[in-house]
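Engineer: The structure is given below, and queries will be raised subsequently.
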Amino acid sequence: MNETRKWILHRINAIILAPLYVWFYFSLISLSTKNYSEAIYFFKNSVFEILTITLFFVSFFHAKISLNEIFEDYIHNQKIKDVANILTLISSIIIPVIILVLLIFKI
Amino acid sequence: MNDSNNPLSPHLQIYRWHISSLLSITHRISGVINLLALILIFFWLLVLSFGESNYELFLISINSFFGKFILIGFTWSMIFHLLSGIRHLAWDLGYGFEIKTANISGVIVVISSLALTIIFWLFARGFI
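Chains A and B, in that order, give the protein sequences.
If you count by the working numbering, then the first sequence holds residues 42 to 148, one letter each, in order.
If you count by the working numbering, then the second sequence holds residues 88 to 215, one letter each, in order.
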């Protein structure tokens, strides 16, 4: 991905994430005082389910681009940098996919 | 390659901190903290899928003093990153580059992130 495209995507992600995070943190802090069945009821709502899945995919993509920048600045050994970038890429795909499976099939 | 003309990073022991540079590094650090928060939320949902007894234990731990401290810290980090991000977006659009404006917007970001964290918690916990 070229740097300009990355730069633009990073900002688009940020604009998508801003309202999602306000909603999500607000909901989680409220849920922290509520019991198991209320939490399940919350995540069974299909709109909230889709928003949560979107938040995870977009957040990890946003984090991946940022971490690549941080590694570029602070890791000087090319091999370690490559490994760090690959691990970031793998976890930025695996974690949102696990969340997708959990929310659709398990919760 | 050893080129003595390469630019140097600031020597942190003698570097005179400005609000701009301080907020720039804090934006980065808060981003990394937000990632840690997201990983905690991932475990939150994972525990939820493990059933009621596990979830009750999780609720006890996040409602402990230490748990609340972490959650409030994560909330501040998210709000700070969001406000600071808006400041960066304004810069990207070409606004707020004057030193005075940048300093004022930096102070606004810090103060409002603290105030909004308190208001956010009071609302979300149903105190307001």
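Don't be surprised by glycine CBs; every beta carbon is placed ideally from N, CA and C.
Counting only beta-carbon atoms, is B/Thr162 nearer than 7 Å to chain A?
Structural biologist: Chain A contact via Cβ: present.
Engineer: Looking at the secondary structure, which residues open and close the alpha helix (DSSP H) in which B/Ser164 lies?
Structural biologist: Segment 152 to 179, the alpha helix (DSSP H) holding B/Ser164.
Engineer: DSSP three-state call for A/Pro60: helix, strand or coil?
Structural biologist: Note: A/Pro60 maps to helix in three-state DSSP.
Engineer: Would the region 87 to 99 of chain A and the region 53 to 73 of chain A be scored as touching if the rule is three or more Cβ pairs under 8 Å?
Structural biologist: Counting Cβ pairs under 8 Å, three or more are found: they touch.
Engineer: If we count the other Cβ atoms within 10 Å of its Cβ and call it buried at 16 or more, is B/Leu125 buried or exposed?
Structural biologist: That one is buried.
Engineer: Going by Cα to Cα distance, which pick from A/Lys120, A/Arg46, A/Ile57 is closest to B/Gly172?
Structural biologist: Measuring from the Cα of B/Gly172, the nearest candidate turns out to be A/Ile57.
Engineer: At the 7 Å Cβ level, is B/Ser200 part of the contact set with chain A, yes or no?
Structural biologist: Closer than 7 Å: no.
Engineer: Alpha carbon to alpha carbon, how far is B/Phe207 from B/Thr162?
Structural biologist: For B/Phe207 and B/Thr162, the distance between alpha carbons rounds to 8 Å.
Engineer: Below 6 Å CB to CB, which residues in the same chain sit around A/Pro137 once its five sequence neighbours on both sides are set aside?
Structural biologist: Phe97, Phe98, Phe101, listed in sequence order.
Engineer: Determine the contact status of B/His168 and B/Gly118, defining contact as a CB-CB distance below 7 Å.
Structural biologist: Yes, the pair counts as a contact, with Cβ atoms nearer than the cut-off.
Engineer: Pick out whichever of A/Ile91, A/Glu110, A/Tyr82, A/Ile70 has its Cα sitting closest to the Cα of A/Glu44.
Structural biologist: If we check each option's Cα against that of A/Glu44, A/Glu110 comes out closest.
Engineer: Please go through the same chain and pick out, in chain order, the residues whose beta-carbon is closer than 8 Å to the beta-carbon of A/Glu79, but skip the five residues on each side of it.
Structural biologist: Same-chain partners within the cutoff: Leu72.
Engineer: Closest by CA to B/Ser140, which one among A/Tyr77, A/Ile49, A/Ile116?
Structural biologist: Of the candidates A/Tyr77, A/Ile49, A/Ile116, the one whose C-alpha sits nearest the C-alpha of B/Ser140 is A/Tyr77.
Engineer: Quick check on B/Phe153 - is its C-beta less than 7 Å from some C-beta in chain A?
Structural biologist: Answer no: the Cβ-Cβ gap between B/Phe153 and chain A never drops below 7 Å.
Engineer: What do you reckon, are the CB atoms on A/Phe112 and A/Ala125 nearer than 7 Å?
Structural biologist: Yes, the pair counts as a contact, with Cβ atoms nearer than the cut-off.
Engineer: If we ignore side chains and look at the alpha-carbon of each, how far apart do A/Lys47 and A/Ser133 end up?
Structural biologist: Cα to Cα, the separation comes out at about 16 Å.
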